[in-house]
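Asks: Before anything else, here's the structure in question.
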Amino acid sequence: MAPRKKTYSQALEQLENIVHQIDTNELEIDELSEKIREANEWIAFCTEKLTKADKEIEKLLAEGQESEE
Numbered sequence: 005m006a007p008r009k010k011t012y013s014q015a016l017e018q019l020e021n022i023v024h025q026i027d028t029n030e031l032e033i034d035e036l037s038e039k040i041r042e043a044n045e046w047i048a049f050c051t052e053k054l055t056k057a058d059k060e061i062e063k064l065l066a067e068g069q070e071s072e073e
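With the sequence shown counted from 1, adding 4 to any position gets you our numbering.
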């Protein structure tokens, strides 16, 4: 499962590991559905981090433009 205490880089590393396992057929068929579920959780975690960062950057840029005016 995707713990919320991870950083974006750690989450991405976990996701890349799962993709590698799938690509190289390292997983048994019984493990495959669990790993895909876990990958979906990591994807959601990374998407949330990126969305928050994007909003924060937009806010900071807007504040910077307001202070220049």
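We put the CB at the ideal spot given by N, CA and C, even for glycine.
1) What would DSSP say about residue 17, mapped onto helix, strand or coil?
2) Spatial neighbours of residue 31 within its chain, please: C-beta separation below 8 Å, excluding the five flanking residues on both sides.
3) Could you give the residue range of the alpha helix (DSSP H) that holds residue 136?
4) Do residue 43 and residue 22 count as a contact pair if the criterion is CB distance below 8 Å?
5) So for residue 39, helix, strand or coil by DSSP?
Replies: Well, looking at it:
1) As a first step, residue 17 is located in the sequence shown; it is residue number 13 there, counting from the start. The answer is helix: DSSP assigns residue 17 an H, G or I state.
2) Within the sequence shown, the letter at position 27 stands for residue 31. For residue 31, where only same-chain residues beyond five positions count, the Cβ hits under 8 Å are 25 and 39.
3) Examination of residue 136 is not possible in this model, given that the chain is present from 5 through 73 alone.
4) Position 18 of the sequence shown holds residue 22. Position 39 of the sequence shown holds residue 43. Against a cut-off of 8 Å, the Cβ pair of residue 43 and residue 22 comes out as a contact.
5) Taking the sequence shown and counting its residues from 1, one reaches residue 39 at position 35. Helix at residue 39.
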